[in-house]
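Below is one structure, written out as structure tokens; comments come after it.
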């Protein structure tokens with residue numbers, strides 16, 4: 006499943022980009038996400054909760070920084086997670102790009118995700134809407150942080 010989204014942050018790129026590179030700060034902006042362990046400067050463990058329709062699932066996830074390019078303000082991550090109480094999981098690659106427009110930072114997100122388990126079975130058609138709502142909340146939280 007491919008999900009593309011974008012949003013603007015009312016702050017210059019030089020304030021937003023350092024926050025986007027800080028994985029614990031980014032996780033703090035995502036609803037129901039929390040870094041539980043810093044393995045090294047490129048690998049993190051996290052707990053992530055997801056609610057899709059009537060289904061609520063918790064995941065134990067590993068986040069790996071694949072690339073961080075300060076010249077192009079592009080970061081890519083791999084996320085893999087297993088349901089805490091089930092046999093499903095998630096695998097995703099996320100690419101984030103930031104650019105400045107008139108003192109405002111434009112952020113794009115490209116996610117290529119594969120989801121299995123109860124969320125995929127029960128909430129399949131609702132996932133994209135939940136993803137859009139999550140990005141909107143993330144954007145609002147990021148805006149408050151910077």
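In the numbering used here, the protein residues as written are 6 to 151. C-beta: ideal position from N, C-alpha, C; glycine also.
Which of helix, strand or coil DSSP assigns to residue 52: Locating residue 52 in the chain shown gives position 47, counting from the first residue. Three-state DSSP puts residue 52 in a strand.
Reduced DSSP secondary structure (H/G/I, E/B, other) of residue 26: Taking the first residue of the chain shown as 1, we reach residue 26 at position 21. Of the three classes helix, strand and coil, the one that applies to residue 26 here is coil, per DSSP.
Residue 151 in three-state terms, based on DSSP: Position 146 of the chain shown, counting from 1, holds the residue named residue 151. If DSSP states are grouped into helix, strand and coil, residue 151 belongs with coil.
Close-in-space but distant-in-sequence residues of the same chain around residue 113 (CB under 6 Å, 5 per side omitted): Position 108 of the chain shown, counting from 1, holds the residue named residue 113. Counting only Cβ-Cβ distances below 6 Å, and skipping sequence neighbours, we find 11, 102.
Between the CA atoms of residue 51 and residue 63 - distance to the nearest angstrom: Taking the chain shown and counting its residues from 1, the one referred to as residue 63 is at position 58. Taking the chain shown and counting its residues from 1, the one referred to as residue 51 is at position 46. Going by the C-alpha atoms only, they are around 10 Å apart.
Secondary structure of residue 102, DSSP reduced to three states: Residue mapping note: residue 102 aligns to position 97 of the chain shown, counting from 1. Of the three classes helix, strand and coil, the one that applies to residue 102 here is strand, per DSSP.
Rounded Cβ spacing between residue 8 and residue 136 (contact assumed at less than 8 Å): Translated into the one-based positions of the chain shown, residue 8 becomes position 3. Translated into the one-based positions of the chain shown, residue 136 becomes position 131. With a Cβ gap of about 5 Å, residue 8 and residue 136 count as contacting.
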